[in-house]
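Numbering-wise, the sequence shown is residues -20 to -1, 1 to 352 according to mature numbering (1 follows the signal peptide of the UniProt record, and there is no 0).
Quick reminder that beta carbons are idealized off the backbone N, C-alpha and C, glycines included.
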Amino acid sequence: MIIKNVLLTALLACGLSVYGQQNQYLTVSKDGRKVGLSAEGASFLANLPLHCIQTEYPNKPNHTIETAQEVTLSPKQLHPAFYGCLDWHSSVHGHWMLVKILKTYPNLPETQQIIAVLENSFLAENLQKEADYFSQYKLAKGFERTYGWAWLLKLDEELLTWDDPMAKRWHKSLQPLTQVIVQKWTEYLPKQTYPNRTGVHPNTAFGMVFALDWARTTKNTSFEQLLVQRSKDYYLTNKAVAATLEPDGTDFLSPSLEIADLMRRVLTPQAFQKWFNQFYTAEGLKNVLQLPIVSDRSDYQIVHLDGLALSKAWCLLGIAKQLPTTDLRKKQFQEKATTFLQKTLPNIANGNYGGDHWLGSFAMYALGLEGE
């Protein structure tokens, strides 16, 4: 696995330096503004979650121990579907990534292995136990709120929008857990007086982005209306955001760009442009357009900054879509996003589990937006 990671890094670095040429894994458009994923690249990315989804250890369970008996429970006993990839949320978005790859590249050498892994994870009894977890333990109501919740809804959305008998069966099995997440989020939002403006898991705007996408796809209008209203409550009057203070040392999300990525979904293009003009100062916007510096990719926290570059890329691509062609920032954001991808993709498989267990999902999501 490590040898293959090193090979990919070398090939990506080589291929990205030659615009308009296709290497084994990526394509870059002739003008250097778009990065695409080849079937070979999809195979490599698929191997990242395939390597970790059924790897129970090392593990970082986010379980609050309530009794002495719970000390002996293994991650797999607590979470029979999503126990691998170091933590629950990484396992969930690793599953999303495999579904996305299987859906988009159905004839890979890894196809049968992907199906076998997903068949096991999506067993009805496994997912029912995942759903029961939230009621079985008194202190579990805030488990994975809201980052893991968001990725679970993204996984559900990916299955729902795939017209395939196998996907329909998996989607049906996922529903008990999906319904628990939606119910908990619906109960939580009216009580969440203040948004979390962090650059890591509890970030409110990031979670609401995926939740809103899910609500609109599933036509859950009551959940959608709640999300839209709370988005406006939290962010509509925000001006001159303190973006010059970004990033923190372990960020994988930009607090300000995540808000903008949410509000471009909530507001009309004209209203969004007006809001965006007041949201950033010139200095703040200049700062968030800088590529994060990653000093040690073997450090599980510092490597978060590679994820920050990828999430910045997808936010900038989405924001650019809402800006008119006459706005010079549209082209600037698109070019910056591609630069972030070009600079970061060679680092997503560096042979260290701290990045390997999750960065592929971020790359896959960003590349999906880049290709639209």
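Inter-residue Cα distance where the pair is residue i and residue j
i      : j      : result
Arg244 : Glu99  : 36 Å
Pro326 : Ala300 : 24 Å
Thr178 : Pro235 : 6 Å
Met344 : Leu25  : 8 Å
Asp307 : Val246 : 20 Å
Glu226 : Leu88  : 40 Å
Ala185 : Phe252 : 16 Å
Lys56  : Ile45  : 15 Å
Val274 : Leu339 : 14 Å
Lys80  : Glu137 : 11 Å
Lys118 : Leu237 : 35 Å
Lys164 : Gln172 : 12 Å
Ile33  : Lys254 : 44 Å
Tyr347 : Leu78  : Looking at the sequence shown, residue 347 is not Tyr but Leu. Roughly 15 Å between the two C-alpha positions.
Arg149 : Gln312 : 43 Å
Cys295 : Glu124 : 22 Å
Lys310 : Leu303 : 6 Å
Phe132 : Trp194 : Inspection of the sequence shows that residue 132 is occupied by Leu rather than by Phe. Those two C-alpha atoms are separated by around 10 Å.
Tyr37  : Trp68  : 12 Å
Asn330 : Gln322 : 15 Å
Leu53  : Ala120 : 15 Å
Pro182 : Lys266 : 25 Å
Ile328 : Asp336 : 7 Å
Ile282 : Cys65  : 18 Å
Gln49  : Gln116 : 14 Å
Thr248 : Thr318 : 25 Å
Leu349 : Val189 : 14 Å
Asn39  : Thr201 : 37 Å
Lys109 : Gln155 : 12 Å
Pro145 : Ser101 : 17 Å
Tyr260 : Tyr214 : 16 Å
Tyr85  : Ser23  : 9 Å
Thr305 : Leu242 : 21 Å
Gly122 : Leu297 : 31 Å
Val162 : Asp276 : 37 Å
Residues that DSSP places opposite residue i in a beta bridge
i      : result
Gly179 : The partner list for Gly179 (beta bridge, DSSP) is empty, contrary to what the question assumes.
Gly16  : Thr7
Asn39  : Leu66
Cut-off 7 Å between Cβ atoms - residues of its own chain near residue i, not counting five sequence neighbours on either side
i        : result
Phe256   : Ala240
Met140   : With the sequence shown as reference, residue 140 is identified as Leu, and Met is not the correct amino acid for it. So the qualifying residues of the chain are His151, Thr197 and Thr198.
Gln2     : Confidence at Gln2 is low in this model, with a pLDDT of 40, below 50, so the placement of that residue is unreliable and no value is reported for it.
Trp142   : Lys83
Gly187   : Thr126, Tyr127, Trp129 and Ala130
Ala(-11) : Interpretation of Ala(-11) is limited by its pLDDT of 38, a score under 50 that renders its predicted location unreliable; no figure is taken from the coordinates.
Ala147   : Leu139
Tyr63    : Glu36, Pro55, Lys56 and Ser71
Glu204   : Leu192, Ala195 and Arg196
Ala293   : Ala317, Phe320, Leu321 and Ala346
Presumed contact (8 Å Cβ cut-off) between residue i and residue j, rounded CB distance
i      : j      : result
Val160 : Phe114 : 5 Å
Ala191 : Leu207 : 6 Å
Lys219 : Gln250 : So it is not a contact: roughly 18 Å between Cβ atoms.
Glu263 : Thr224 : 5 Å
Gln93  : Leu30  : 6 Å
Leu216 : Ser153 : In fact, because the Cβ distance is near 38 Å, the residues do not count as touching under 8 Å.
Leu288 : Leu233 : 7 Å
Ala111 : Leu157 : 4 Å
Ser291 : Asn332 : Between Asn332 and Ser291 the Cβ distance is about 19 Å, and since that is not below 8 Å, they are no contact.
Close Cβ partners of residue i (< 6 Å) along its chain, the five nearest in sequence each way excluded
i        : result
Tyr280   : Gly334
Leu169   : Leu206 and Arg210
Asn106   : Pro60 and Ala61
His73    : Trp131 and Ser341
Val(-15) : Its pLDDT being 38, under 50, Val(-15) is placed unreliably in this model, and the coordinates cannot settle the point.
Leu285   : Pro272 and Val274
Thr230   : Gln281 and His284
Thr47    : none
Asp228   : Gly179
Tyr174   : none
Cβ shell of residue i (< 8 Å), same chain only, five flanking positions each side left out
i      : result
Lys212 : Val246
Leu58  : Pro41, His43 and Tyr113
Trp76  : Trp131, Lys134, Leu135, Glu138 and Ser341
Asn176 : Pro182, Asn183 and Thr184
Cutoff 9 Å: residue i Cβ touching any chain C Cβ
i     : result
Ala26 : Of the chains in the structure shown, none is chain C; there is only one protein chain.
Check: residue i C-beta below 8 Å from any heavy atom of the ligand GTP
i      : result
Pro272 : This structure lacks the ligand GTP; in fact it carries no ligand of any kind.
(request) Could you tell me which uninterrupted alpha helix (DSSP H) segments, each at least 4 residues in length, are contained entirely in the stretch 234 to 296, listed from first to last along the chain? (result) Segments of the alpha helix (DSSP H) lying fully in the stretch 234 to 296: 235 to 246, 249 to 259 and 262 to 268.
(request) Taking only runs that begin and end inside the stretch 81 to 129, name each unbroken beta strand (DSSP E) of 3 or more residues, in chain order. (result) Residue ranges of uninterrupted beta strand (DSSP E) with 3 or more members are absent from the stretch 81 to 129; none lies entirely inside it.
(request) Pick out the complete alpha helix (DSSP H) segments inside the stretch 293 to 352, 4 residues or longer, and give them in chain order. (result) Taking only runs of at least 4 residues, the alpha helix (DSSP H) segments lying wholly in the stretch 293 to 352 are 308 to 324, 333 to 336 and 339 to 350.
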